[in-house]
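Structure follows, in structure tokens:
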């Protein structure tokens, strides 16, 4: 109980001081390819797209950016050095891909650090690739420290997801104490994974019982409530991927499909969707509790074009478009071994 | 700006969670300084400490990147299919812990890839192969022929013994109903969880040829029953793969899409279930098959290669 | 939720979930009476729900170390079984050779061709050949012939049966004992008596017959071949909802696969060809193309090569792609009489 009421009325800090503190502690993030809108903790971003459209790659890319340190042994990595909590509802996470991106980023940082050092000193001495590799991986310490900051859990049903959300707080606290850093990202891949199951398994109340049953809407509400609780005590940036589950031609005319227009003159590009097709593809299916919780939305799509990158061969390209806040620009990007890079 | 609203909403949250009005005032002043310190008061609650061990049973264990990597290196091996083209394309072969789907139109070589992988994996002592057959295409004669090719350096009795060993490690079960498939998968999971399995009698490869013929009779229509069964089957398969280090290989067929172009069956919801999706095409009259990646966890999609099906 | 994997109606599932039964283990320990009380349903319904529970949860004992899966066979056992399996001869030696001895039991074979190539002839020939007594090297089984187009001619069947018997007697004329033993069976009328004929006029009748066959085959244990002529005739017209057609057809093909495997018989589906416009030209493909193409184990296409009839293996898990000539004579399907008697391997 506060003994000094006067001290309670005087504020703790001025608005200017608070702004300065918050901007350094919780910076704006620009993650390619979502770089057009600055993201910060407290935002809930939903990344929607058909499969495959590089949704999980965006999450991994952001995760690597988060777990890398700002600076280590004199080399600048430019990361956030915070923890990432990854909820794998799709159960398709591949740890080899995460370690591949992480290794490439570390090696790149080493390479650029070495080249600048030698140029500065006026003597430019070429290191060959194997020496650089040896240099970074006798430093497995950095790699392991980064991987240690990546927290992961798999969920095979909505029950497990909710139980994990409820128990997450305790686990996070233990990990923060062990590692000394806080949480910055909460990733969910993908939020609609149990949609069909929850929709078909809605209990029917027997004899007017007053218990709250586990319908689709209630599950979503519970999930949102748990995440909100977390956001209040530990602000994080929430990134959730959402797969589209209605194909572009689902409710289209069956007759059209069968006696279909044999377009011999015009080759039908399966990826270019008509306006209607797009509306069908990205049709919203999550319950309203989740829809109102989301603050930002991005749509991804795969393109038929491929680009050839000298070192990596041909790569498929994707586009991303912000839907909320609505921007009318589609950014093109491709996924390389070391992560995402934008195509201008 | 949202920051100014946060202390107030945070304070109300603390009241509702702890129910203690006197601590409300002390917390409200701390909130403005460090927003993360509010955590401590919640975990001091003795009730939560009692519940917490029980809750560990309701979800999968917490892991971190280092543990995942260790598990991947120790348990999740690559099972080579025997076709060099495919193995190189997949970076080693079929990965334990992953669900691989092969899509192709009729007689494009899907069953041949399944049979040859079964023979090859059983040969190299990885473990037992379980083949779930829905279209009566499991042909022991063909497998014996393939084993013959693999054992070209052996002769006589040694060859016979080798054939027996390999063929005894491949189990086949016919399934003609999606509910029967789900039963079988539950049974496999139950057996794997409760058995003390020695290295060579454990299933390492599960092949379902073809899962699309089981799902097509129930998919579509007004109800969502079909998709429920499809997603449930996907979840059990991935659970088997991840928890018990099994590699799962399923085949799918093609159907006509818009404009007459063929597309994989089972619709949009299925696309996000397998880890790896491969497409096979076969020129009529030749032994050469083309395989291309539709989706992979770390390879770029679109890469293609060829391989030869031996007669 | 594991309850979702049981074949029960959505309302029953909803009631189970509200009562708290979400996993299979929770249902394994409950009695029908208790379940009926919890769910507020009739006792009969509760026991029906418990009946569909998978068996492994009901048995108390854990499976022994050897049984990875109950009901699975090793490939080695299947190989020995397969080697003892007899095949149904088509009457034409070249065709038998490319088929690996004849039509296989436990498999579904689809035969497609243009009208007039001889599909129905082949169907009738197989219905007759399956009845060849064991002493003459056949299966001595009965046949089920499901006719959708009305192309089965009894007189022709009689003629083919006569031709078959004549050839058999001719081939085994030195084995007097064998001839005497089977004298009664080797009459054309007894051959006709062993062909069970179903005539169906709509797709609903077709589905009904195939669903009924399970019970029929349990009573008639000697049936060794089912011939459906032609399987897609009633599905090509009058079907508005194409998605439903796909579902019905794939359900039908699964049922046929199950019959073939369970009762150890051969299923032969005769199908028509149609033209399809792909890549700028018209090509002949089987009716109902892509959605039906995976419904069979083996596929044989009959086609004209000049003036000769040829058969070509289009799809098979164990046979090589090959083609062979054959001819349709008054006695039935026989070897091609022209000069090219060699089997051409692809």
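Chains as they are written, first to last, in full-length UniProt numbering: chain E, 1 to 344; chain G, 1 to 311; chain V, 1 to 346. Where a beta carbon is used, it is the ideal one built from N, C-alpha and C, also for glycine. A quick note: this is a predicted structure, and the numbers were derived from the prediction, not measured.
- Under the Cβ distance rule, residue 91 of chain E does not count among the residues neighbouring chain V, no pair being separated by less than 8 Å.
- For a cut-off of 8 Å, the C-beta gap from residue 82 of chain E to residue 66 of chain E is around 5 Å, short enough to register as a contact.
- Taking residue 246 of chain E as reference, the option from E:92, E:230, E:278 with the minimal CA-CA separation is E:278.
- For residue 99 of chain E against residue 69 of chain G, the beta-carbon gap comes to about 6 Å, under 8 Å, which counts as contact.
- Put simply, the CB of residue 10 of chain V is near chain E, with a gap under 8 Å to one of its CB atoms.
- For chain V, the residues of the segment 212-227 of chain G that bring a beta carbon within less than 8 Å of one of its beta carbons are 212, 213, 214, 216, 217, 218, 219, 220, 221, 223, 225, in chain order.
- Its chain contains 310 as the residues whose beta carbon lies nearer than 6 Å to that of residue 303 of chain V, once the 5 sequence neighbours on both sides are disregarded; these appear in chain order.
- Secondary structure at residue 250 of chain G: strand, using DSSP grouped into helix, strand and coil.
- Take residue 301 of chain G, set aside five residues on each side of it, and the residues of its chain with a beta-carbon closer than 7 Å to its own are 293, 294, 295, in chain order.
- In the DSSP assignment, residue 325 of chain V falls within the beta strand (DSSP E) that extends over 322-329.
- One Cα belongs to residue 300 of chain E, the other to residue 91 of chain E, and the distance between them is close to 21 Å.
- Interface criterion met: the Cβ of residue 13 of chain V is under 8 Å from a Cβ in chain E.
- Counting along the chain, residue 166 of chain E sits inside no beta strand (DSSP E); it lies in the alpha helix (DSSP H) bounded by residues 158-179.
- Under the three-pair Cβ rule at 8 Å, the segment 15-34 of chain E counts as touching the segment 323-341 of chain E.
- Within the segment 140-195 of chain V, the beta strand (DSSP E) runs of at least 3 residues that lie entirely inside it are, in chain order, 142-147.
- Put simply, of G:83, G:241, G:179 the residue whose alpha carbon is nearest the alpha carbon of residue 274 of chain G is G:241.
- Residue 264 of chain G is outside the set of residues whose beta carbon lies under 8 Å from a beta carbon in chain V.
- Here residue 113 of chain V is actually not in contact with residue 267 of chain V; their C-beta atoms are around 18 Å apart, not less than 8 Å.
- Counting of Cβ neighbours within 10 angstroms places residue 12 of chain E among the exposed residues, the total staying below 16.
- Nearest CB-CB separation between residue 301 of chain V and chain G: not below the 8 Å threshold.
- By the rule that beta-carbons nearer than 8 Å mark a contact, residue 231 of chain G touches chain E.
- Within the same chain, 234 come within 7 Å of residue 202 of chain V by CB-CB distance, once the 5 residues on both sides are set aside.
- If you look at residue 162 of chain G, you'll find it in the alpha helix (DSSP H) that goes 156-168.
- For residue 42 of chain V, the three-state secondary structure derived from DSSP is coil.
- In the DSSP annotation of this structure, residue 137 of chain G is not part of any beta strand (DSSP E), being labelled neither H nor E.
- Between the alpha carbons of residue 337 of chain V and residue 70 of chain V lies a distance of about 52 Å.
- Residue 198 of chain V and residue 225 of chain V have their C-alpha atoms some 14 Å from each other.
- Scanning chain V for C-beta atoms nearer than 8 Å to the C-beta of residue 200 of chain E yields 4, 10, 13, reported in chain order.
- In this chain, the beta strand (DSSP E) harbouring residue 279 of chain G covers 276-282.
- In the assembly as shown, residue 194 of chain G is an exposed residue. Its beta-carbon has fewer than 16 other beta-carbons within 10 Å.
- Of all C-beta pairs linking the segment 8-24 of chain V to the segment 91-105 of chain G, fewer than three are shorter than 8 Å, placing the two stretches out of contact.
- Not a single C-beta of chain E is nearer than 8 Å to the C-beta of residue 250 of chain V.
- Between the segment 211-218 of chain G and the segment 116-135 of chain G, the count of Cβ pairs shorter than 8 Å is three or higher; the stretches touch.
- Residue pairing of residue 58 of chain G in beta bridges, as defined by DSSP: absent, with no partner found.
- Think of a sphere of 8 Å around the beta carbon of residue 305 of chain G: no beta carbon from chain E falls inside it, the nearest being about 12 Å out.
- The residue from E:88, E:16, E:78, E:23 with its alpha-carbon nearest to that of residue 240 of chain E is E:88.
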